[in-house]
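Structure first, commentary second.
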Amino acid sequence: MNLTPMRYKEYVWPYNPETYSVTWQRTIAAGKIPFGGSCMQDLGTTYRVMRGEGTFAGPGAYEEFQKLAGVFYDDGPGLLTHPVWQTTNAYFVSLELAEKPLPDYVRYTFEFWESGQTQAKLTAVAAEEVSGGRSASAGSAGSGQDSGTVVYIVKKGDTLWGIAGAYGVKLADLIAANPQIKNPNLIYPGDRVNIA
Numbered sequence: 215m216n217l218t219p220m221r222y223k224e225y226v227w228p229y230n231p232e233t234y235s236v237t238w239q240r241t242i243a244a245g246k247i248p249f250g251g252s253c254m255q256d257l258g259t260t261y262r263v264m265r266g267e268g269t270f271a272g273p274g275a276y277e278e279f280q281k282l283a284g285v286f287y288d289d290g291p292g293l294l295t296h297p298v299w300q301t302t303n304a305y306f307v308s309l310e311l312a313e314k315p316l317p318d319y320v321r322y323t324f325e326f327w328e329s330g331q332t333q334a335k336l337t338a339v340a341a342e343e344v345s346g347g348r349s350a351s352a353g354s355a356g357s358g359q360d361s362g363t364v365v366y367i368v369k370k371g372d373t374l375w376g377i378a379g380a381y382g383v384k385l386a387d388l389i390a391a392n393p394q395i396k397n398p399n400l401i402y403p404g405d406r407v408n409i410a
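So the mapping is simple: this note's numbering equals the position in the sequence shown, first residue as 1, plus 214.
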């Protein structure tokens, strides 16, 4: 199976990392009830932690690692696209050499934390604003003065979950706003998604 390359911000991996793990976590508050027992409250899910390990091999391997390290030093979250994980807005929180690097071989580990912040303008994503039957140019995002509806144009690798996270809406609300999508797990490039 030929998978699409992993991307973060403007950096594209020349070949995908070898191992991946994703950790989901739910926060539960527990309190004691007088005279015995306990009470638990679900505080919701926290950010996902995405870890992995990979190698750069061949001529220029160390230079490729240095490019990745340069991306690590960029401030703020960015769009993380991976062929296995759902596309998400994430912080690049850890990059580590797993062994002594050689000019033609570098083994590294990395870690990304999913951001709870929305990113209104996504890299390489077209959105169009629909106002009273007129549509503005592709690439704009925001609320229209007439209808207030933002229409997102699906690109390769997008998921409804990723689109919902990018615009800060609940997945259930996004699905409800798009009855034309019969299977929420199956969207295609060019599909129009109404942002609720």
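We put the CB at the ideal spot given by N, CA and C, even for glycine.
Minimum C-alpha distance to residue i - residue among the options
i, options, result
"residue 221", "315, 319, 302, 407", "302"
"residue 379", "390, 273, 409", "409"
"residue 257", "239, 319, 371, 322", "239"
"residue 260", "328, 370, 403", "328"
"residue 272", "390, 317, 280, 290", "317"
"residue 289", "277, 403, 305", "305"
8 Å Cβ cutoff met for residue i and residue j
i, j, result
"residue 320", "residue 386", "no"
"residue 300", "residue 375", "yes"
"residue 237", "residue 263", "yes"
"residue 372", "residue 395", "no"
Residues of its chain near residue i, where Cβ-Cβ distance is below 8 Å and the 5 sequence neighbours each way are ignored
i, result
"residue 337", "With a pLDDT of 33 at residue 337, under the threshold of 50, the modelled position of this residue cannot be trusted, and the question is left open."
Nearest-angstrom beta carbon gap, residue j and residue i [assumed within contact, 8 Å]
i, j, result
"residue 268", "residue 322", "6 Å"
"residue 265", "residue 325", "5 Å"
Same chain, Cβ closer than 6 Å to residue i, neighbours up to 5 away in sequence not counted
i, result
"residue 331", "Residue confidence is low: residue 331 scores 46 on pLDDT, short of 50, so the model does not pin down where it sits. Its coordinate-derived value is still stated next. Answer for residue 331: no residue qualifies."
"residue 370", "403"
"residue 229", "none"
"residue 392", "407, 408"
Q) Within the chosen definition, does the region 243-253 reach the region 279-298 through at least 3 CB pairs nearer than 8 Å? A) Contact fails: fewer than three Cβ-Cβ distances are below 8 Å.
* To do: For the region 366-374 and the region 284-291, state whether three or more C-beta atom pairs, one from each stretch, are separated by less than 8 Å.
  => These segments do not touch.
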